[in-house]
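First the structure, in the form of structure tokens, and then the observations on it.
4 protein chains.
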Amino acid sequence: MQTIRAGLVGVTGYTGMELARLLAGHPAMRLVLATSRAEAGRRLDDIYPFLIGLPGGDITIVAPDPDVIAASCDIAFLAVPHGAAMEMAASLRERGLRVVDLSADFRLRDVTVYESWYRTDHTRKGLLPEAVYGLPELYGKDVAQAGLVANPGCYPTSVILGLAAALDTDIVHRDDIVIDAKSGASGAGRKAAVGSLFCEVHDSFKAYNLGKHRHTPEIEQELSVIAGEALTVSFNTHLLPIDRGILSTMYLRMKKPLDLDTVHAMYADYWAAHQTRGGWVRLLPKGRLPETRHVKGTMFCDIGLVVDPRTGRLIVVSAIDNLCRGASGQAVANANIMLGLPVDAGLRLAPLMP
Amino acid sequence: MQTIRAGLVGVTGYTGMELARLLAGHPAMRLVLATSRAEAGRRLDDIYPFLIGLPGGDITIVAPDPDVIAASCDIAFLAVPHGAAMEMAASLRERGLRVVDLSADFRLRDVTVYESWYRTDHTRKGLLPEAVYGLPELYGKDVAQAGLVANPGCYPTSVILGLAAALDTDIVHRDDIVIDAKSGASGAGRKAAVGSLFCEVHDSFKAYNLGKHRHTPEIEQELSVIAGEALTVSFNTHLLPIDRGILSTMYLRMKKPLDLDTVHAMYADYWAAHQTRGGWVRLLPKGRLPETRHVKGTMFCDIGLVVDPRTGRLIVVSAIDNLCRGASGQAVANANIMLGLPVDAGLRLAPLMP
Amino acid sequence: MQTIRAGLVGVTGYTGMELARLLAGHPAMRLVLATSRAEAGRRLDDIYPFLIGLPGGDITIVAPDPDVIAASCDIAFLAVPHGAAMEMAASLRERGLRVVDLSADFRLRDVTVYESWYRTDHTRKGLLPEAVYGLPELYGKDVAQAGLVANPGCYPTSVILGLAAALDTDIVHRDDIVIDAKSGASGAGRKAAVGSLFCEVHDSFKAYNLGKHRHTPEIEQELSVIAGEALTVSFNTHLLPIDRGILSTMYLRMKKPLDLDTVHAMYADYWAAHQTRGGWVRLLPKGRLPETRHVKGTMFCDIGLVVDPRTGRLIVVSAIDNLCRGASGQAVANANIMLGLPVDAGLRLAPLMP
Amino acid sequence: MQTIRAGLVGVTGYTGMELARLLAGHPAMRLVLATSRAEAGRRLDDIYPFLIGLPGGDITIVAPDPDVIAASCDIAFLAVPHGAAMEMAASLRERGLRVVDLSADFRLRDVTVYESWYRTDHTRKGLLPEAVYGLPELYGKDVAQAGLVANPGCYPTSVILGLAAALDTDIVHRDDIVIDAKSGASGAGRKAAVGSLFCEVHDSFKAYNLGKHRHTPEIEQELSVIAGEALTVSFNTHLLPIDRGILSTMYLRMKKPLDLDTVHAMYADYWAAHQTRGGWVRLLPKGRLPETRHVKGTMFCDIGLVVDPRTGRLIVVSAIDNLCRGASGQAVANANIMLGLPVDAGLRLAPLMP
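Order-wise, the sequence lines are chains V, X, A and H.
Counting in the numbering used here, the first sequence runs without a single skipped number right up to 354 at its last residue.
Counting in the numbering used here, the second sequence runs without a single skipped number right up to 1354 at its last residue.
Counting in the numbering used here, the third sequence runs without a single skipped number right up to 2354 at its last residue.
Counting in the numbering used here, the fourth sequence runs without a single skipped number right up to 3354 at its last residue.
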């Protein structure tokens, strides 16, 4: 098998770092190009000493140039902020390169929703129709045909995988969905900001962006597709003093009383039917609940179910690694699919415990 | 002012440790007796070197003996597990001693509810009528007359203070209350257990006891009193990798649409009327949300409000220190009230930041 | 007693934050002025919500102006970077104000040493002779007469207190002192820097500045005074993933074999003679070693001793809280002495455990 | 290639957990048997949910029985405490099974040294001569012939790899070696003990076992071999609030002044000659120092060098992952060598960052 050449646009953030980690262990794809205006000219393992001696560690970072990227790569990962990604995606698509965009720029079908939540103009609307929302379990077939994949957000990945079965089977009220999500600090990115300093995050916990996180429309868009009708969710986020991990606790009201056996079986059936790619969704045994450490560094999405007969609620808990499953690992999975590799090439990862 | 002699029954847990810390800085109360069967004979500052040189550090731990406690103390704090506390409380009350019980044994009015949730017989039902639920802002006047105070649970303290204003003003539906609570690891106690080891808790996050935490009936009992009718809540708990702190995110549906200004003003009015003791409830300015570090080591309960017009919900976030406000500090406040001291004697504490 | 008015120049760093915390609980001193160019115009409790409802929280931050500070304060604390402090100190001294400078600008007697290690010109050499090195146990009498106190560095405080007895009693070789020091992340300050982000510090540990930390000449200056001759140390620093705390492990070769009983007694005698102020040095019982948590939030310096007969070494371990004892608490102690208050006014603090 | 069947004796500790993780990703070796008296009868992924869906997760834990182990495995890993390991090793060797023992039972050549430091009788002295000390870079050739490998201790691995070049080249005094080592909490094991609870370890740091850690004789034995003469070290340990990682800072006095260029080149030459297996020792570029996160979850040993001309010292800093390189990963490497597999089969791991 010929080695596939991967380019990484934007290497200095945590998703760029995670892509470098994953590609260092990929059997068929190799990082051959990494860009950063600030770090151009340095070796990758000079800014990331953890890569010394590993594949890709010895490449020299360059400033981003679409011509160079298109000429030297078979696929490009965009790990730059929203707004910046759309232009680079367009430039690379014009040059015929496959692109996996980790930003939000091509996730929302409705450009007015994008512009309203992200408070920026979308300058490449024309590309939206060809972009595929890259959740492998649900849209793998489309990804296989895609030239441009919009890699899902971290929170949306945890929520959509957690709620898909409940909405598909139509057992819960669609107008009463409360999502209490908690994310590790790497989700805030690697920008120098006082609020992200160790002493501001460590040994503390806080809520933020309640009711107004930018991932809300992405969650509503995708859940509405599954539900077959437009729905609105109460989506609320918190900051955990951990490096990696998202745990979403989701509160649903059941349309009619079901016991745990029944709901668990419905979830099992749903995932048996949809898990054609990856096998990463792990429905936990009855009585077990997810922990972020159990998925650390991997593609797994662990799902636990609770039926509370006192309140008639179904509570779904899902856990993912926000950097791997919620960003860079999912991007590699999408690239694998686009390139005809096994979806889990380089992604058969065991969690780091403890 | 004569120094008041305090006895601490059960010194080896985190609430015992916190009582020792708080009494070391109390201007009028002094720890004169501390009990532990396992550690009897050792100096207190030998098992807790942080107390070396501080008031109380030089006492010798003894095995618990009601006669000795009653003879040498003016008040006793019970920091032993539920079940064990009820007998000791009875023995000390018989000897005329004032008692603040930090366990759950006298919190629930309905003994069948207690026996069902705690799976143990209540052998001292006769004492229940005289026990006062010790939430100073709401029941301070009763505490002042009490011989036996049932010190509130940590989670209930965070929930009741957060929801009291919303229920008292009758602006939310009482049949749709979802509480997503998160607690630091000291809440699990100081027992040697694999699940509480550093490597099992650190850098991870998990849900536990969803829909079935023992603090549920206590929350429902007290919220029902405020609401004036019986209500049921969905109460759900999570374990944070921090030492101290509880943050509860509470999802309410408003009876009619209110804007944030209105709800904030109602909360401000409520607490202006009820905050006759302590001044510890801090309603945050509009747009601000609590963080556990802002209350660390103190009696504060910080409350933040969010109105989400998209879903018609009011979201209330409250933060306390589970060991201080949620246990030992509140116990000292109750003792202060019982003994005629200023409620905040020894409790005018500034948070440790960072 | 009339309340003493304190001014804080530079409120946005961790030492400024800690001063605000300590003054909020001080019985005789009140924070009446706090400066920051970036935050001028905001209320202090707006940038630091943990101060809401506490003394000092309601003041409005102003830009630094020596005339205003001198007119409205009885004493000023300088919590600004070295270089900036020297000019402000001079301006305030000219106006007759007492000053405690937390920076390094007036700690080194020899201005060429200062200029070489700090790579900046000293523009206020004239003030050096009047500056007193503010280690209360050793120089309290001088501090009482001082107009300008150079508050010791955090690492030097931990080292000098740990080694003073061994050097004073002349039991160790002075040419073979190895100091392996470890500090919590607040020691790196509150600047927005990628290297201080949560995800860069958490769950990791590293060495830095081995053999070339700027606190080296300060340590050598003060140990030389105690030893009565010039000495050189190997001083080496590490970054701990904790908020607060410095633990220094110090390796000494004994001039002749002494057993632990003997060395421990010598330390006890030394501190019995020198601990006239504060009582904060705690020589631990034989066999016990310090932990940073045992001094968290306090002025204590815990010292543990080990004699290793296999290698003829005396190992001294000291632990302090870098923000309290190593900076702001020590500054308050110095201010107390300068103002004729009890040295421990506002500083009788119990460690926050856990 | 036929799959090699691996047995794991003692699965409930952190080294057992790490072996399960590593074997789940091994291309040629499969975990087919895991023992625990306490957990016998449960599925492995029931006690370790992180293994759900991964190779080995579905095996059922059994009580240890040498006959069963010998019959069903090609190699056995012993992850039980010292004392227990020696008997099991003997039973399995009698049955002809290859054994990698992760305990200390066969590491020390001199049985009296073992019995003195470990305070237990060695009941299987007869096996000592055949046991090979399994440090792949130094003893790989012997490991290839061995039936019983004594897997090195975690601290000794970090120290020996760090000091080998300096001792082999004879540039430092052998009678003045000070080792200040710091380890993450997983090194203390997975026993339920109050001292290992989250709230006792988190946000704190302490020294322990100064001058008397049991790894001392192992370090001295192996460094003496390299040095060609008996030597004594001052070895001192500390507990870090991290899951994984050991960082050792080692203070050496140079026999004659050498500059960093020279020492760095000598280290580079030494490791060029000795790194025939694995390529895991990474000598960092001049001016760089190790961080534990850069080796997390891997076999790497990062080494940084500092020459301090002020004191004539060479300071060597080494970092490893105590569970992977310092225990289970090294055990897999030894098994790979014993079985004729590539030494790094299943061990080409990239660090998890952050």
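Virtual Cβ for every residue (Gly too), placed ideally from N, Cα, C.
The C-beta distance from G3184 (chain H) to L3240 (chain H) rounds to 5 angstroms, short enough to fall under 8 angstroms. Looking at the DSSP output, T2237 (chain A) sits in a beta bridge with A:A2181, A:Y2208. A contact is defined here as three or more CB-CB pairs under 8 angstroms, and the region 3036-3043 of chain H fails this definition with respect to the region 3287-3298 of chain H.
A residue is called buried when at least 16 other Cβ atoms come within 10 angstroms of its Cβ; A3265 (chain H) does not meet this threshold and is exposed. Within chain H, no C-beta atom comes nearer than 9 angstroms to that of A2185 (chain A); the closest sits roughly 11 angstroms away. The continuous stretches of alpha helix (DSSP H) do not include V1132 (chain X), which lies in the beta strand (DSSP E) extending over residues 1131-1133. For the pair I303 (chain V) and S248 (chain V), the CB atoms are not nearer than the 7 angstroms cut-off.
For A2024 (chain A), at least one C-beta of chain X is nearer than 7 angstroms to its own C-beta.
The beta-carbon separation of H3026 (chain H) and A3345 (chain H), rounded to 7 angstroms, stays under the 8 angstroms limit for a contact. By the Cβ criterion, the region 2181-2201 of chain A is in contact with the region 2223-2243 of chain A, since at least three pairs of Cβ atoms, one from each stretch, lie closer than 8 angstroms.
Three or more beta-carbon pairs separated by less than 8 angstroms are not found between the region 1310-1319 of chain X and the region 2017-2033 of chain A, which leaves the two stretches without contact.
The beta carbon of F3205 (chain H) does not come within 7 angstroms of any beta carbon belonging to chain X, so the residue lies off that interface.
Nearest to I3052 (chain H) by alpha-carbon distance, out of V:P257, V:L210, V:C301, V:A131, is V:C301.
With distances taken between CA atoms, A188 (chain V) lies nearest to A:L2197 out of A:L2197, A:P2129, A:E2130. Judged by their CB atoms, L2078 (chain A) and A2085 (chain A) are nearer to each other than the 7 angstroms cut-off. Secondary structure remark: continuous alpha helix (DSSP H) runs of at least 4 residues inside the region 1079-1150 of chain X, in chain order: 1084-1094, 1111-1118, 1136-1145. Out of V:Y48, V:T15, V:V194, the CA that lies nearest to the CA of P81 (chain V) is found in V:T15. With fewer than 16 other Cβ atoms from the protein chains shown falling within 10 Å of its own Cβ, R1119 (chain X) counts as exposed. Going by DSSP, A1319 (chain X) is part of no alpha helix (DSSP H) but of the beta strand (DSSP E) stretching over 1313-1320. Look at the region 293-309 of chain V: the residues with a C-beta under 9 angstroms from a C-beta of chain X are R293, H294, K296, G304, V306, V307, D308, P309.
The residue from X:M1250, X:P1285, X:R1174 with its alpha-carbon nearest to that of I2047 (chain A) is X:P1285. If you look at I3004 (chain H), you'll find it in the beta strand (DSSP E) that goes 3004-3009. Contact annotation: I1219 (chain X) and F1205 (chain X) have beta-carbon atoms that are not nearer than 7 angstroms.
The Cβ atoms of Y2133 (chain A) and H2215 (chain A) lie no closer than 7 angstroms to each other. The criterion of a C-beta distance shorter than 7 angstroms is satisfied by E1018 (chain X) and S1328 (chain X). At a cut-off of 7 angstroms, the C-beta of F2235 (chain A) has no neighbouring C-beta in chain V. Note on geometry: alpha-carbon atoms of L167 (chain V) and E291 (chain V) lie some 23 angstroms from one another.
Along the region 1241-1253 of chain X, the positions whose C-beta sits under 9 angstroms from a C-beta of chain A are D1243, R1244, read in chain order. Within the DSSP secondary-structure output, E1291 (chain X) pairs in a beta bridge with V:K206. Put simply, the region 2098-2107 of chain A does not touch the region 2048-2067 of chain A. Fewer than three CB pairs are less than 8 angstroms apart. When 8 angstroms is used as the limit between beta carbons, L1108 (chain X) is near no residue of chain V, the shortest such separation being about 16 angstroms. For Y2048 (chain A), the three-state secondary structure derived from DSSP is coil. About 6 angstroms separates the Cβ atoms of S2186 (chain A) and P1354 (chain X), confirming a contact at the 8 angstroms cut-off. Beta-bridge partners assigned by DSSP to L1031 (chain X): X:A1006. In this structure, L2044 (chain A) sits away from C2073 (chain A), with a CB-CB distance that is not shorter than 7 angstroms. Distances from the alpha-carbon of R95 (chain V) to those of V:A192, V:Q275, V:L223, V:A70 put V:A70 closest.
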